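Here's the structure, in structure tokens; my notes come after.
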Amino acid sequence: MEGKNLYYRSTREDKKRVLSAEAIIKGIADDGGLFVPESIPRVDKDIYKSKSTDYKELAFFDNERIFN
């Protein structure tokens with residue numbers, strides 16, 4: 001998923017795609033449904049095993065993938 005935008009669709013009607021930022025700002029889709037991601041980014045589990053990676057780095061890594 002790296003380098004790609006994460007799109008969301010409504011749980012009621014999936015015709016319109018929106019980016020993460022718009023889904024967060026709107027909160028609820030125009031049709032009253034909830035926003036769900038079209039796909040869930042794969043997680044590289046090795047990054048979580050590294051003892052040198054602290055919480056802030058992990059949070060940044062995850063947020064960067066989701067809100068790119």
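Read in full-length UniProt numbering, the sequence shown has 22 at position 22, and its numbers run on one by one without any break.
Ideal Cβ placement from N, Cα and C applies to all residues, glycine included.
Treat the numbers as computed from the prediction; the structure is a model and nothing was measured.
Endpoints, the beta strand (DSSP E) within which residue i is located
i: residue 10; result: 7 to 10
Endpoints, the alpha helix (DSSP H) within which residue i is located
i: residue 132; result: Since the first residue of the chain shown is 1 and the last is 68, residue 132 is not available in this structure.
i: residue 24; result: 20 to 26
Bridge-paired residues (DSSP) for residue i
i: residue 36; result: 9
i: residue 43; result: BP columns for residue 43 are empty, so no partner.
Cβ separation of residue i and residue j, assumed to be a contact under 8 Å, to the nearest whole Å
i: residue 21; j: residue 8; result: Not a contact, Cβ separation roughly 10 Å.
i: residue 65; j: residue 41; result: 5 Å
Residue of the options minimising C-alpha distance to residue i
i: residue 47; options: 38, 37 and 60; result: 60
i: residue 31; options: 43, 51, 49 and 10; result: 10
i: residue 34; options: 14, 49, 40 and 44; result: 14
i: residue 37; options: 62, 18, 55 and 64; result: 18
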